[in-house]
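Reviewing the structure listed below.
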Amino acid sequence: MPLKKTYYYKQLSLLTFRNVGWLGIISFLALFFAVPMHLILMDKKDYRRWERDQVYSEIFDINILVQAGIMIIIPLLLGIFLFRYIQSKAYSDLIHSLPVSRSFLFHFFTWNGFFVLIVPIILNAIIIMAAYWIIDLHQFISFAKIFSWIGIFTIFTAIVYFTCIFVGMLTGLSITQGVFSVLLLLFPAGIIYMVFYNFSSYVHGFPVDKYISDKLIYLSPILAPVIIYSDYSAVKVFTSYIVVCAILYIAAMLLYKKRNTETVYQTLTVSNLGGLFKYTVTICFMLLFGLYFQLINQGLPYHLFGLLIGSFIGYLVGEMFLMKSWRVFNRLKGYLFFLLAGIIVAVVAPFLNSKYEEFVPEVEDIKSVRIEQHNNYTNDTIMGLTSEENKTLVTLMHKELIKTDTTYDQDYYNDRINLTVVYELKNRKVTRSYSIKKDVSDKLLKPIYETKEFRQKLYNLDTQDDISKVKVDMPNGQTLKLTDKKELNNFLTVLMGDKRNESFGGMTNLYELSASVAVERKDGTSDYFNSYITVNNEKTINWLQIRGFQNLFTMDSQYVDKMYIVKSEEVGDNYSDLYSIEEIESKISKFESKAEVESKEQQSDILAKFVYPNQKYMVFVKPKYQDEVTVNFISEDDLPDSIKQKLKN
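Counting in numbering that gives the first Met the number 0, the sequence shown runs without a single skipped number right up to 648 at its last residue.
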């Protein structure tokens, strides 16, 4: 009897190799030509003067698309072909008639398949190690990264592999096994993404970006190329993947032991899961269509229409899969129950939302508060405001944000600011996010920006002792590098003094004519401050002039032929359609508020204070000897008083 069992084991091993061995060969060859061969054939002479430690910081940098394809496609095909016999009645009866248990068959095929999966990875790693020492690849890769490559590649292929096997136990068709495996791998991140984005349409202040973060991709391992470049140090993520693999393995084994051989060619082998599958598909289609209509039009009617049509299509698709027929229009009774449940949720939800939307914490319960401001040009975060003054001001601002309109014109999307308030309470965190017009945002933020604590938190480079180098990129292309500690501290003291005394407009405007500042710290980290030194920072400009940097923020107006200033709202977003000065003068003549700047001194001052859109005032400039007209923006704070007066008349 032992000899007979040994014979069966040998024959089963040969059967496994015939069924899936070719996938292992393809995997090995594809990886070999993508990674080891690529490293071996590289021209080493071209990299002799390479300044960095290695040409490739990670082995995944080498032909990442090929590696990602192997990582996803090979384990999927392996999971399908490995248990192909359970999807054929005659083949299934033959295998299950052998004098071995189902548990043994499952373990045997699964681990033989896993062996086929990882051997190509290990063999290629050995080749890379050999090449590393024989032809000296230290300039291209780190030896330690070879081991991390083995581990990460194995974990990603394993979770795709075990997912496909698990799904294979639930279906009797190979095509549905492949499709459902991909969908299941995408499902966690996809469903959360769709739920939160659809949810954000109905809950004012819901911080969707807090939940839809980069970490969401970890929930869907099929997004391997993105995850690999996100965070190699996420040990808990890969530990979670290993745990998930173990759960899928055990669940697949239990399903295999109870699987009925008569379920071949059926969409689902577990009849009790039919309803769950159908309504899951319905919900997914509903959310997907709702998200699509929400993105193409921000209106509520369009979004509701998307949810309705999506749920109907999803229900039909689910029924068609289960019935394996398109004749399912006589089975809509279940969809009516789904609609009824949706209506109940829609009626009850507003009562729950109102409490969430109107919540503002009491000042005495706030330990600290953080403000995050995002638009197309800036991304500012102010950490840890703790003074009673600022906590009170932020709660007052929050109450005004609750009252703001939740809808907006798509044509003026660029004029929106995403404002997020994060409270650190005594026992929890509270986050709210709002999209508001820039003028409303400026009005609400101004009292907070003008507080002493806020300015000290925002402009604190002179209090940081670990800064080892400062680089200033001038608007004229010159560069100043400071490494001397005394000179560096002196510069930062002058600069921070200027910045703390800026007006609100100076703090928030992004000036075109500006110098950027980069600081490097002793630990190797760095920060870059774009559009940091402007014409308003007079003491800093004088400091630079003493050191030979002249005329950094002065503009010559001698080549300006005509200059007009109008309110941006009167022109709208179609200013790019105006080409000739005749067209502009014709249109401007119809405006109620307009001003022509004739003083050369005022023209120079205005030219130096152009900001990136969108601002309250638009400036049309026609240069001499040219037909083209340039369009720029300027803030109200930077306009000369005489021009302001003209625009008010």
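Every residue, glycine too, gets a C-beta built ideally from N, C-alpha and C.
All figures in this text were calculated on a predicted structure; none of them were measured in a lab.
| Query | Result |
| --- | --- |
| Between Asn-417 and Tyr-201, how many whole angstroms is the CB-CB distance? I'm expecting something under 8 angstroms. | The pair is not a contact, with the Cβ atoms about 18 angstroms apart (cut-off 8 angstroms). |
| Which residues in the same chain as Phe-490 place their Cβ atom closer than 7 angstroms to its Cβ, once the five residues preceding and following it in sequence are excluded? | Val-469, Leu-481 and Trp-542 |
| If you scan the stretch 165-248 from start to end, which runs of the alpha helix (DSSP H) of 4 or more residues do you find wholly inside it? | 173-198, 207-210 and 223-227 |
| According to DSSP, what are the bridge partners of Thr-629? | Val-620 |
| For Asp-637, count neighbouring Cβ atoms within 10 angstroms of its own Cβ and tell me buried if that reaches 16, exposed if not. | buried |
| Does the separation of the CB atoms of Val-421 and Glu-361 fall below 8 angstroms? | no |
| Could you give the DSSP three-state label for Ser-100: helix, strand or coil? | coil |
| Alpha carbon to alpha carbon, how far is Ile-221 from Leu-77? Give it in angstroms, no decimals. | 15 angstroms |
| Does the distance from the C-beta atom of Leu-286 to that of Asn-197 stay below 8 angstroms? | yes |
| For Leu-321, I'd like the list of residues in its chain whose CB is within less than 6 angstroms of its CB, leaving aside the five on either flank, ordered along the chain. | Thr-266 and Gly-273 |
| Per DSSP, Thr-478 forms a beta bridge with which residues? | Asp-472 |
| Tell me whether Asn-529 sits in a helix, a strand or coil according to DSSP, three-state version. | strand |
| State the Cα-Cα distance for the pair Leu-40 and Ile-126, rounded to the nearest angstrom. | 14 angstroms |
| Between Thr-170 and Phe-179, is the Cβ-Cβ spacing less than 8 angstroms? | yes |
| Checking 8 angstroms against the spacing of the C-beta atoms, do Met-506 and Tyr-448 come in under that value? | yes |
| Pick from Ile-241, Ala-124, Thr-238 and Arg-101: whose alpha carbon is nearest that of Leu-254? | Arg-101 |
| CA-CA distance, Tyr-433 and Val-194? | 18 angstroms |
| State the beta-bridge partners of Lys-593 as determined by DSSP. | Val-565 |
| Is the distance from the Cβ of Arg-454 to the Cβ of Ile-435 below 8 angstroms? | no |
| Taking just the CA atoms, how far does Tyr-558 sit from Glu-388? | 49 angstroms |
| In the structure shown, what three-state DSSP assignment does Ile-140 receive? | coil |
| In chain order, what residues of the same chain have a beta carbon less than 6 angstroms from the beta carbon of His-137, not counting five sequence neighbours either side? | none |
| With a threshold of 16 other CB atoms inside 10 Å of the CB of Lys-599, please say whether the residue is buried or exposed. | exposed |
| Select from Glu-519, Ile-540 and Phe-205 the residue whose C-alpha is nearest the C-alpha of Ser-671. | Lying before the first or after the last residue shown, residue 671 is absent from the chain, which here runs from 0 to 648. |
| If you follow the alpha helix (DSSP H) that Ala-348 is part of, which residue opens it and which one closes it? | 332-356 |
| Would you mind giving the Cβ-Cβ distance between Phe-609 and Leu-512, rounded to the nearest angstrom? I have them listed as a contact below 8 angstroms. | 7 angstroms |
| What do you get for Leu-306, buried or exposed, if any count of 16 or more other CB atoms within 10 angstroms of its CB means buried? | buried |
| On the CB-based measure, 16 or more other CB atoms within 10 Å of its CB, does Ile-587 come out buried or exposed? | buried |
| What's the call for Phe-59, buried or exposed, on a 16-neighbour Cβ count within 10 Å? | buried |
| Would you mind sorting Leu-339 into buried or exposed? The rule is 16 or more other CB atoms within 10 Å of its CB. | exposed |
| Check each candidate in Asp-438, Gln-602 and Leu-384 and name the one with the smallest Cα separation from Leu-400. | Asp-438 |
| Of the choices Arg-83, Ala-157 and Val-280, whose alpha-carbon is the least far from that of Ile-246? | Ala-157 |
| Kindly indicate which three-state DSSP category Lys-615 falls into: helix, strand or coil? | coil |
| Is DSSP giving Asp-465 helix, strand or coil here? | coil |
| So for Ile-365, helix, strand or coil by DSSP? | strand |
| Please return the same chain residues whose Cβ sits closer than 7 angstroms to the Cβ of Thr-539, not counting the five positions on each side in sequence. | Val-493, Leu-494, Asp-497 and Ile-532 |
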